[in-house]
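Position 116, counted from 1, in the sequence shown is what the working numbering calls 540; the numbers after and before it change by one each time, with no gaps. C-beta: ideal position from N, C-alpha, C; glycine also. Accompanying notes for the structure given below.
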Amino acid sequence: MTSIFQSKRPVTIVGGGYVGPEDLNYALSIAPTCVAADGGSIVALAAGIELEAVIGDFDSLDASVLAQVPVERQHHISEQNSTDFDKCLRNVDTPVVVGVGFLGGRVDHQMAAMHTLVVRADRPCVLLGPHEVVFHCPAQMELPTCAGDIVSLFPMSEVAGTSTGLEWPIDGLALAPGQRVGTSNCATGAIALTMTGPGMLCILPRRMLKDVTQLLASLPDHVKWPARAG
Numbered sequence: 425m426t427s428i429f430q431s432k433r434p435v436t437i438v439g440g441g442y443v444g445p446e447d448l449n450y451a452l453s454i455a456p457t458c459v460a461a462d463g464g465s466i467v468a469l470a471a472g473i474e475l476e477a478v479i480g481d482f483d484s485l486d487a488s489v490l491a492q493v494p495v496e497r498q499h500h501i502s503e504q505n506s507t508d509f510d511k512c513l514r515n516v517d518t519p520v521v522v523g524v525g526f527l528g529g530r531v532d533h534q535m536a537a538m539h540t541l542v543v544r545a546d547r548p549c550v551l552l553g554p555h556e557v558v559f560h561c562p563a564q565m566e567l568p569t570c571a572g573d574i575v576s577l578f579p580m581s582e583v584a585g586t587s588t589g590l591e592w593p594i595d596g597l598a599l600a601p602g603q604r605v606g607t608s609n610c611a612t613g614a615i616a617l618t619m620t621g622p623g624m625l626c627i628l629p630r631r632m633l634k635d636v637t638q639l640l641a642s643l644p645d646h647v648k649w650p651a652r653a654g
């Protein structure tokens, strides 16, 4: 499938949900190319950010907003079976996406965004929230967390794994929604995790955004998951 937008640099995708006062600047300092998911264009344009593309069903936009974006950068996808974030993520080809405006607002929107992280597992992405970052765990990863950092692992499907650097190791545990989850674990230093399959979301402190982005952008093929995995 040919993507709508391609970039060799990391891309920031802006959604129409809550965007903190420093979120856009923080994201763009790491992922300098900006794409909007539908109503996210209102947020980006108000901040004076140039948009390389606007993707979505355009139900949150009026003519005055669209008039600020060149027609060739407007990509209307009318189907209603997926969210605007999903429409963006599956159509943006980049080493990694930083998502802003998808956490911290309505709970149903946040849950849908986390669902999309798993459904579009072939598209490396980290969501920036007011206090944390959220991403889909690859098969293997290492991150330079510090002792005392909260490390939450939330399964979106049944999945197991191994860990080093966690106060409560996950080795030998079967994690699954409605059964056992791994929230509020704690790093004892740098962490290393392996997963037996897709479906595990990792939630880390907000300051880890750059480290997570670099990790996801440099994943070798053998630790990546395919689209709609699981």
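When DSSP reads this structure, Leu567 sits in a beta bridge with Ile615. Under the three-state reduction of DSSP, Gly464 is assigned to helix. Remark: C-beta atoms of Gly529 and Gly606 do not approach each other more closely than 8 angstroms. Annotated as proximal: Pro562 and Val647, with beta-carbon spacing under 8 angstroms. In the structure shown, Met535 adopts helical secondary structure according to DSSP, grouped into three states. A straight line joining the alpha-carbon of Gln430 with that of Thr518 spans about 6 angstroms.
Assigned with DSSP and collapsed to three states, Cys512 falls in helix. Just so you know, the alpha carbons of Val467 and Gly525 end up roughly 9 angstroms apart.
In the assembly as shown, Gly472 is an exposed residue. Its beta-carbon has fewer than 16 other beta-carbons within 10 Å. Per the coordinates, the alpha-carbon of Ala600 lies some 32 angstroms from the alpha-carbon of Gly464. A check of alpha carbon separations from Glu566 across Glu446, Asp635, Gly553, Cys458 identifies Asp635 as the nearest. DSSP places Leu640 within a helical segment (H, G or I) once states are collapsed to three. In terms of Cα proximity to Asp532, the closest of Lys511, Thr507, Pro548 is Thr507.
DSSP places Arg630 in the helix class (H, G or I) of the three-state scheme. Note that the C-beta distance between Leu640 and Val550 is below 8 angstroms. Leu590 sits away from Ala614, with the two beta carbons spaced by 8 angstroms or more. Secondary-structure assignment with DSSP links Asn609 through a beta bridge to Val575. When DSSP reads this structure, Val478 sits in a beta bridge with Ala460, Gln498. Sorting Glu503, Leu475, Ser484, Lys511 by C-alpha distance to the C-alpha of Val495 places Leu475 at the top. Looking only at Glu582, Ser576, Ser581, the smallest Cα-Cα distance to Pro593 is reached by Ser576.
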